[in-house]
Amino acid sequence: MKELLSKVFVSHLINNLANTIISGIVLTICSLLIYIFFASKYDYKKQRVKFKYRLIYVAVFIFILVLAKIWVEGFAHIFTVLGLVAAGLVVTNKETIMNLVGWLIINWRGLFNKGDFIQIQAFSGYVDTVGLLYFKIYEVSALNVKRATGKTIKIPNGLVLTNAITSLSPNTNLCEYTVKCHISLESNLEETVSFVKETINNIIKKFYDNHENYQREYIEARNKTLAKILPLENQVLIEPVFDKKNDIKLLISFYCYPPDYIAIEQKFWQEILSGHRTGKINLTQT
């Protein structure tokens with residue numbers, strides 16, 4: 017009798033091990049084929065890495081379900097135990113659970129990656145690492161996103177569940193920026209606006225003339241909705257200043273990548289001040 021039970025146990029064990037190995041091999045092959053097929057559709061390395069990790073998470077989850085099916089008869093007992101454990105964890109470790117859920121959302125939904133510039137609550141900086149409970153950023157100067165303050169901030173993952181996040185990949189996200197200047201009411205408005213617009217157009221052209229991503233065709237090919245509302249056109253808008261009778265405010269808006277903003281702004285002011293000295297624009301004190 018003992019020998020019979022031993023043989024049955026060994027047979028059952030070998031059968032389960034064989035099924036586990038076969039399932040692992042099949043799942044690995046399927047995952048590799050899916051990655052090879054879809055990875056080529058992503059232009060950037062970060063996007064391919066993000067897709068790879070998502071695929072790994074799905075594969076691991078499926079493999080766990082397969083293991084449970086192979087080694088445990090039914091799921092009823094598992095769900096009962098997991099339900100009791102989960103209820104206890106939620107009550108005693110609410111913050112930890114929220115941080116873990118936040119980690120899943122960050123990675124699964126691809127909210128941001130290492131090297132991305134993000135803003136959440138009063139924090140802003142470049143992402144360094146994303147852990148199970150916290151993510152770490154290098155804080156940047158309020159004046160220049162390319163200049164770190166030297167401070168490292170650890171932020172709980174749970175904040176992404178209840179707060180708005182601004183996430184920018186420095187090499188792929190174009191943002192609109194605005195520069196303001198005041199001119200005299202006696203200025204020749206048409207000539208002044210023409211000079212300012214020509215100035216900002218020339219600066220942007222020098223920065224991005226050979227940039228393959230700073231093209232309308234590139235944006236349309238990847239996001240037709242965004243292409244309709246992101247014209248890549250520099251604007252100079254006129255706004256009267258009512259508390260100063262002799263002033264007119266000019267609002268100069270342009271699109272650039274976040275790390276380039278300070279350099280573009282500095283170049284713009286150099287050209288505008290040079291124009292002020294030569295009489296092309298009549299600036300006033302704000």
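Residue 17 is where the sequence shown starts when you use this note's numbering, and the numbers rise one by one after that.
Ideal Cβ placement from N, Cα and C applies to all residues, glycine included.
Measuring alpha carbon to alpha carbon, tell me which of K196, Q231 and E202 ends up nearest F284. Numbered from 1 along the sequence shown, position 268 holds the residue referred to as residue 284. Minimum Cα distance to F284 is reached at K196.
Count the C-beta pairs between the region 137-146 and the region 167-180 that are closer than 8 Å, then say yes if the count reaches three, no if not. yes
Only counting the same chain, and skipping five residues up and downstream in sequence, which positions put a Cβ closer than 7 Å to that of N179? For this step, residue 179 is matched to residue 163 along the sequence shown. Hits under 7 Å: I136 and Q137.
Length at least 3, wholly inside the region 122-173: the beta strand (DSSP E) runs in chain order: Entirely contained in the region 122-173, the beta strand (DSSP E) runs reaching 3 residues are, in chain order, 133-136, 139-146, 150-156 and 164-172.
Is it true that the region 67-87 meets the region 44-55, where meeting means three or more beta-carbon pairs spaced less than 8 Å apart? yes
Can you grab the Cα-Cα spacing for the pair R64 / G126, in whole Å? Locating residue 64 in the sequence shown gives position 48, counting from the first residue. Locating residue 126 in the sequence shown gives position 110, counting from the first residue. Their backbone Cα atoms lie some 11 Å apart in a straight line.
Which residue comes first and which comes last in the alpha helix (DSSP H) that contains V212? Reading the sequence shown from its first residue, position 196 is the one you call residue 212. Taken as a continuous stretch (DSSP letters only), the alpha helix (DSSP H) holding V212 covers L205 to Y224.
To which residues of the same chain is A55 closer than 8 Å at the C-beta, ignoring the five residues directly before and after it? By one-based count along the sequence shown, residue 55 stands at place 39. Counting only Cβ-Cβ distances below 8 Å, and skipping sequence neighbours, we find R64, F67 and K68.
Exposure label - T386; buried when at least 16 CB within 10 Å: There is simply no residue 386 to check, as the chain begins at 17 and stops at 302 in what is shown.
Just to confirm my understanding: we take S47, look at its own chain, exclude 5 residues before and 5 after, and list those with CB closer than 6 Å. What are they? Taking the sequence shown and counting its residues from 1, one reaches residue 47 at position 31. Annotation for S47: L71 and A75 place their beta carbon closer than 6 Å to its own, counting only its chain and skipping 5 residues before and after.
DSSP beta-bridge partners for V117? For this step, residue 117 is matched to residue 101 along the sequence shown. DSSP, once it has assigned bridges, lists no residue as partnering V117.
Could you check which residue in N123, G166, L159 and S157 has the C-alpha nearest to that of Y150? Numbered from its first residue, the sequence shown carries residue 150 at position 134. Looking at the Cα atoms, N123 is the closest of the given residues.
Through-space distance from I78 to F91, alpha-carbon basis: Taking the first residue of the sequence shown as 1, we reach residue 91 at position 75. Taking the first residue of the sequence shown as 1, we reach residue 78 at position 62. Low confidence applies here, because F91 scores a pLDDT of 49, under 50, leaving its location unreliable and the question unanswered by this model.
Hey, quick one: how far does the alpha helix (DSSP H) through H198 stretch, first residue to last? The count along the sequence shown starts at 1 and reaches residue 198 at position 182. Counting along the chain, H198 falls outside any alpha helix (DSSP H), though it belongs to the beta strand (DSSP E) covering C191 to S200.
Ranges of the alpha helix (DSSP H) found wholly within the region 220-270, counting only runs of at least 4: Counting only runs that start and end inside the region 220-270, the alpha helix (DSSP H) elements of at least 4 residues fall at 232-238 and 240-245.
With respect to the beta strand (DSSP E) encompassing L184, which residues constitute its N-terminal and C-terminal limits? What you label residue 184 is simply residue 168 of the sequence shown in a count that begins at 1. Looking at the DSSP string, the run of the beta strand (DSSP E) that includes L184 is I181 to L184.
Residue from F223, L246, C191 and I181 whose Cα sits closest to the Cα of N129: Residue numbering aside, residue 129 sits at position 113 when the sequence shown is read from its first letter. Closest option to N129, Cα to Cα, is I181.
Going along the chain, which residues of its own chain have a beta-carbon closer than 6 Å to the beta-carbon of I288, five neighbours each way excluded? The count along the sequence shown starts at 1 and reaches residue 288 at position 272. Counting only Cβ-Cβ distances below 6 Å, and skipping sequence neighbours, we find nothing.
If you draw a straight line from the C-alpha of T294 to the C-alpha of I121, how long is it? Taking the sequence shown and counting its residues from 1, one reaches residue 294 at position 278. Taking the sequence shown and counting its residues from 1, one reaches residue 121 at position 105. Roughly 56 Å between the two C-alpha positions.
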